[in-house]
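Going by our numbering, the letters in the sequence shown line up with residues 5 to 878, in that order. Comments concern the structure below.
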Amino acid sequence: MAELDKYIDDIMSKAKKAEAEFACYTQEQVDLIFQKIAHEADKQRVPMAKLAAEETGMGLMEDKIIKNACACELIYDAYKNMKTVGVIDKDPTKGIVKIATPVGTVCCITPVTNPTATAIAKTLFLAKTRNVGVFLPHPRAMKATALAVRILHDAGVAAGAPQNFVQCITPQPDGKALAQKVMTHPSTNILLATGGPAMVKASYSTGHPAIGVGPGNAPVLVDETADLKEAVGSIVLGKSFDNGMICASEQSVVCVDAVYAEFKKGLEQRGVFFVEGADKTKLERILIVEGRVNPDIVGQSALKIAQMIGVSVPKTTVVLAAEETGVGEEFPMSHEKLSPVLALYKAADFADAKALCRALIQYEGIGHTAGIYSRVPARIEEYAELIPAGRILVNVPTSLGAIGSAFNFNIAPSFTLATGTQAGSSLSTNVTPEHLLNIKLIATRQDHIEWFHNPPRIFFNRNCLDDGLQECGVIDAATGKRCNRALIVSDKVINQLGHVRRVQDNLEKQGFSVSVFDDVNPDPDMATVRRGVAACRAFKPDLMICIGGGSPMDAGKFIRASYEHPELQLEDAAARFVELRKRTCPFPRLGTLIKKLVCIPTTSGTASEVTPFSVITDDEGRKHPLFSYRLTPDVAIIDSSFCDLLPKSLIANAGVDAITHATEAYVSVAANEFTETHCLGAVKLLFANLRESYHEGTPASREAVHKGATLAGLAFSNSFLGINHSLSHKIGAAFHLPHGLTNAVLMAYVIRYNAVDNPTRMGIYPGYAYPAAKERYASLARHLGLKGQTEMELVEAYIKEIDSLMTSLKLPKTFAEAGIKEEAFLQQVDDIALNAFDDQCTIANPRMPLVSELKEVLLEAYYGQGKVPPAASA
5 MAELDKYIDD IMSKAKKAEA EFACYTQEQV DLIFQKIAHE ADKQRVPMAK LAAEETGMGL
65 MEDKIIKNAC ACELIYDAYK NMKTVGVIDK DPTKGIVKIA TPVGTVCCIT PVTNPTATAI
125 AKTLFLAKTR NVGVFLPHPR AMKATALAVR ILHDAGVAAG APQNFVQCIT PQPDGKALAQ
185 KVMTHPSTNI LLATGGPAMV KASYSTGHPA IGVGPGNAPV LVDETADLKE AVGSIVLGKS
245 FDNGMICASE QSVVCVDAVY AEFKKGLEQR GVFFVEGADK TKLERILIVE GRVNPDIVGQ
305 SALKIAQMIG VSVPKTTVVL AAEETGVGEE FPMSHEKLSP VLALYKAADF ADAKALCRAL
365 IQYEGIGHTA GIYSRVPARI EEYAELIPAG RILVNVPTSL GAIGSAFNFN IAPSFTLATG
425 TQAGSSLSTN VTPEHLLNIK LIATRQDHIE WFHNPPRIFF NRNCLDDGLQ ECGVIDAATG
485 KRCNRALIVS DKVINQLGHV RRVQDNLEKQ GFSVSVFDDV NPDPDMATVR RGVAACRAFK
545 PDLMICIGGG SPMDAGKFIR ASYEHPELQL EDAAARFVEL RKRTCPFPRL GTLIKKLVCI
605 PTTSGTASEV TPFSVITDDE GRKHPLFSYR LTPDVAIIDS SFCDLLPKSL IANAGVDAIT
665 HATEAYVSVA ANEFTETHCL GAVKLLFANL RESYHEGTPA SREAVHKGAT LAGLAFSNSF
725 LGINHSLSHK IGAAFHLPHG LTNAVLMAYV IRYNAVDNPT RMGIYPGYAY PAAKERYASL
785 ARHLGLKGQT EMELVEAYIK EIDSLMTSLK LPKTFAEAGI KEEAFLQQVD DIALNAFDDQ
845 CTIANPRMPL VSELKEVLLE AYYGQGKVPP AASA
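Now the structure itself:
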C-alpha cells in the first residue's frame, strides 16, 4: 500500500508542477497548443481507433476512426476562437469584467465505450483552459487510452505545453484502490467522469467537485407525418454506428399505429431483423444481467449477438430488434442496451406515443437524449416540453446528432453530455466552462449551406488559347502595377511537342517576361515541388501558367503554395477532414506573390484545370491528395487543339477517369442540383464520343471529350468523389499503375457495392436521408437511353455500357489482367483497404464502408465477379 501511495503522490506532484507553470500561459500560447494537439490527434486517428477496437473487442474500428476525427475537428472548430485566459468579456455600460482562471488538476475518468475519442475531447478542453489532467482509463481499455494520452501529451509539449500536463495511470494489481486514491487525493481539484453508473456515482462521493454523466436510454417517436424513408435511414444509421455503443444511440422506437406496418417493413428492408417468441426470450436473457447491461454484448455486431443466442439471420443484418409493449425491470428490451439491439413499440396515436417515450426515459436515461420524427412543429414542441431530456433531436440519428454538428452546424460538439440535476448531475448540457445551468436544447435537422466553386474564368472551344491568355494581365492592387513575369510549368514532352512555345509566344507578344520550368515528373513528387520553388525564387513570377496533363497542373498548384508559404508542410496541406470547413489545419491563403494561376489541359480526364485538388507524392513514395478551394485555378483554358496528338492509351485512361469523376460525383452524398446537371452533361458527352476519340481522333470527338472531362471536374469539385477513387489512389501508388486505368478496373465492382437498398452503413450527410445510390445509377442509365424494367436492371445496363466501352478502349477488366502479380496483391490488400478507408474521398461515398468490405471489392476487382478464391478472403 505504501508503494501505491508513493506512485500516486509522484503522479500528483508532477501534475501540480505542470499546473503552476500552465497557469502563467498567454492566450496565444494556449491557442497554439490547442490547435497542434487537435491536428496531431487527427493525424493519429487510425492507430488509436485500431488499438481501441482490438483491445476492447467492441464496436467498429472504422466508426472509431470517425469518432476520433470528429473529436478533433468539432471541438477545435467550436472553441478555437473562445477566450479562456485573463479578461474574456467586458461590458463597460454595466461595469462587468469577466476573468477566466483554470480550475487546477482534473481527474479524468474515461469509458471502455469511447476510450480514445473521450481522451482526445478531454485533453483538448484541458489544453484550452490551462488545466492539467490525470486520466483513469477503464481496465478493458488501458492500452488504447494510454496511447491516446501519450500522443496528445507529446503533441502538446512539442507546441510548448508543460511536461506532464496530461498523465495516464498505468495498470496496477489493485485497480479499484488506485482509482479511489486518485479520486480522493488532496491534489485533485475536480473530477470529470465519463463511464458507467457505478463509476459516476463514486465520483460524486469523493468529497471533491465532480461533473459526471448518467446512462442514456434514448426513446425515438415516429408519427404519421414523418418521412418514413428518412426515419428508417437515420435510425438504422444511428443504431448501427459503432455497433450502438454511443450512449445517445436509439434504444427504443415508438411508432404510431397509422404507419407502424409500413415503418416496420422499412426497417426490415434496411437490415433490421426482428426476433420473436422463444428467440426474443433468449435475447432478453443475455441483454441485462443483474440489472445492468451485459458487458459481453456491448459493442458487438448484430450478427455476433444473433450467433450468441443461436438465431440464424441474413448476412446483411445490422440491427436486431424485437417488438415490445411494457417498460420496466421485467421488460429487458426497455433498458439501455449499448449494442445494435432495438425495441419497437406500437402506440395508438401521438398522445400515446409521447406517454410511452416519457415512461422509457424516466425508467432509465432521464436527462439524456430523445428523438422525434415529425413534420408538425407544434408536436415537436409538445414532445420537447414533456420529455425530460437534455437534448431533443428532430429528424436526425440520435447517436450522431448528439455528437454535434453532423446534421446541424449550430449544435456544439458533445463527447461528455451531462444529464442535469434530475439525474444527479450539476450540468444538463455539454461539459464546457460557461454552462452551469440545466438547459434544454431542441435540434432540428438542417441542410448545410452549400456552394459551387469554380475558376472565375473558363474559356472553351477549339483554338480558344489566345483569347484565354488575354485574361492573364492582372493589376496588383498593392502596387498598381500590371503583372509582367510569367512562369510556365510543364514537362519535357509537352515542351518538345511545341505546346509550351505556343503559350510563350502569346505571352511575350503581350509584353510578359517568360521563364519555363519543364522539369515536372509524372505523378509529381516533393523533389519536383522543390525544384519548382527554386525556379520561382530565381525568376520571381507574378503569373503562373500550368500546361499539360494532371501532373504539371497538380505540381504547379503546390509549387505556388510552397513558394508563397515556405513553412507549409505537405502532410499539413494534405490534412484529412470529415467536414472541410472544420479541418484541423487550415490551408493558407494564396495570391500574395503569384497573383493568378492559369491552367491549360492537354489531356481530357483529370480536370485539374478547374478543381481544388492536387496529388503530390512525398519523399517516401506515398501519394497525398490535397484539397482546398484556395488551390482552384483563376483561369482555365479548355482548348482541344492540344489533344490532337495524344496516344491511344492516354485517351482511354483519361477518358474513363472522367467517366468515373462524373459517376461518383452524381451518387455522392453531397450531390446537389448544381453538380448533378454537370454530371449528366459529362456522362452524355463522354459515352457518346470517347470511342470515336480513341479510334478515329476526329476534332469534333476530341472537343466533346475535352468538354466532358471539364464538366465532370466542375461537378466533383463541389460534390466530391467516393471509394472508387479512394481505392484507386492506394492501389495505383502500390503498383504504379495509371490512375485512369485503376479507376476503370474498379468502377463496375464499386457500382455493384454501392447499389444496394440495405447497406451495412449509409453515407453521412444531412441532405442524404436514405440509401439512394441505386436510383441515382439508374438515373444515369436512363439519361444514356439504356433500358431496364427495374432500377437494378438499369444499374446493370450502366455497368454493361462501361464494360463495352472498356473493351473498345482495350482496357483490362481486372487487376490480374492489368499485370499485378497475385502474391504481391494479396500481401498488400489489407493495408490498401485500411489506407483507402482513411482516404479523403471515402467520406462522400453513398455507402460508408467497412475496411473488410473494401477488401472484398479489391479482391473482386482482382479476380473478377464471383471468382474470388476462399483462401484469398480469409
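Think of the CB as a built atom: it goes at the ideal place given N, C-alpha and C, for glycine as much as any other residue.
Whole angstroms are fine: how far does the CA of Phe463 sit from the CA of Gln514? Going from the Cα of Gln514 to the Cα of Phe463 covers about 18 Å.
If I follow the unbroken alpha helix (DSSP H) through Glu368, where does it start and stop? Looking at the DSSP string, Glu368 is not in any alpha helix (DSSP H), and its letter there is neither H nor E.
Is DSSP giving Arg486 helix, strand or coil here? In the structure shown, Arg486 sits in a strand (DSSP, three-state: E or B).
Please classify Gly143: is it buried, with 16 or more other beta-carbons within 10 angstroms of its beta-carbon, or exposed? In the sequence as displayed, the identity of residue 143 is Pro instead of Gly. The residue in question, Pro143, is exposed, as its Cβ has fewer than 16 Cβ neighbours within 10 Å.
Secondary structure, alpha helix (DSSP H): runs of 4+ residues fully inside the region 781-824: 795-812
Tyr670, DSSP secondary structure in three states: helix
Expressed to the nearest angstrom, what Euclidean distance is found between the alpha-carbon atoms of Gly61 and Leu364? Taking the straight line joining both Cα atoms gives about 29 Å.
Do the region 19-28 and the region 107-115 touch if we need at least three Cβ pairs shorter than 8 Å? With a cut-off of 8 Å on Cβ pairs, the region 19-28 is in contact with the region 107-115, counting three or more such pairs.
Beta-carbon spacing of Val2, Ala848 below 8 Å: The chain is shown from 5 up to 878; residue 2 falls before or after that span and cannot be answered.
Give me, in chain order, the residues of the same chain whose beta-carbon lies closer than 8 Å to that of His457; leave out the 5 immediate sequence neighbours on both sides. Pro616, Tyr633, Thr636, Ser721 and Asn722
DSSP state of Ile391, grouped into three classes? coil
In angstroms, rounded to a whole number, what distance separates the CA positions of Lys358 and Leu750? 49 Å
Taking just the CA atoms, how far does Tyr781 sit from Glu800? 9 Å
Simplified DSSP assignment, three categories, for Cys468: coil
Take Glu857 as the anchor and find which of Gly712, Thr320, Ile663 and Asp93 has the nearest alpha-carbon. Thr320
Own chain, CB closer than 7 Å to Ala230, minus 5 neighbours either side, in chain order: Hits under 7 Å: Tyr377, Ser378 and Arg379.
Just to confirm my understanding: we take Cys476, look at its own chain, exclude 5 residues before and 5 after, and list those with CB closer than 8 Å. What are they? Cys487, Ala490, Leu511, Gln514, Phe516, Leu547, Ile549, Lys600, Val602 and Val639
Count the other C-beta atoms from every protein chain shown that fall within 10 angstroms of the C-beta of Leu225, then say buried if there are 16 or more, exposed otherwise. buried
If you drop the 5 nearest sequence neighbours on each side, which residues of the same chain put their C-beta closer than 6 Å to that of Phe278? Only residues of its own chain outside the window of five on either side were considered, and among them Ala325 have a CB closer than 6 Å to the CB of Phe278, listed in chain order.
According to DSSP, which residues form a beta bridge with Cys476? Partner(s): none; Cys476 has no beta bridge.
For the region 828-874, list the alpha helix (DSSP H) runs that are entirely contained and at least 4 residues long, ordered along the chain. 855-867
Option nearest Ala310 by Cα separation, candidates Pro336, Phe335 and Pro344: Pro344
Name the two residues that bound the continuous alpha helix (DSSP H) containing Met751. His743 to Asn758
Nearest to Asp623 by CA position, among Gly394, Leu574, His710 and Ser612, is which residue? Leu574
Hey, Leu342 and Val315 are a contact pair by Cβ (cut 8 Å); roughly how many whole angstroms apart? Not a contact, Cβ separation roughly 20 Å.
Between the C-alpha atoms of Ala662 and Leu597, what's the straight-line distance to the nearest angstrom? 32 Å
Continuous alpha helix (DSSP H) stretch holding Tyr264: start and end: Asp261 to Gln273
Three-way DSSP call (helix, strand, coil) for Phe562 in this model: Residue state, collapsed to three classes: helix.
Give a yes or no on whether the C-beta atoms belonging to Lys268 and Glu254 are separated by under 8 Å. no
Just to check my reading of the structure: Ile492 and Val537 have Cβ atoms closer than 8 Å, yes? What is that Cβ distance to the nearest angstrom? Not confirmed; about 16 Å, so no contact.
CA nearest to the CA of Pro115, picked from Ile250, Gln31, Ala748 and Phe691: Ranking the options by Cα distance to Pro115, first place goes to Ile250.
Using the beta-carbon count (16 or more within 10 Å), is Glu821 buried or exposed? exposed
Ala565 beta carbon less than 8 Å from that of Thr610: no
Are the beta-carbon atoms belonging to Glu327 and Phe335 less than 8 Å from one another? No, these two residues do not count as a Cβ contact at 8 Å.
Which stretch, first to last residue, makes up the alpha helix (DSSP H) that contains Ser59? Contrary to the premise, residue 59 reads as Glu rather than Ser in this sequence. Arg49 to Thr60 is the span of the alpha helix (DSSP H), which, as asked, contains Glu59.
Give me the DSSP bridge partner(s) of Ile376. Leu225 and Val398
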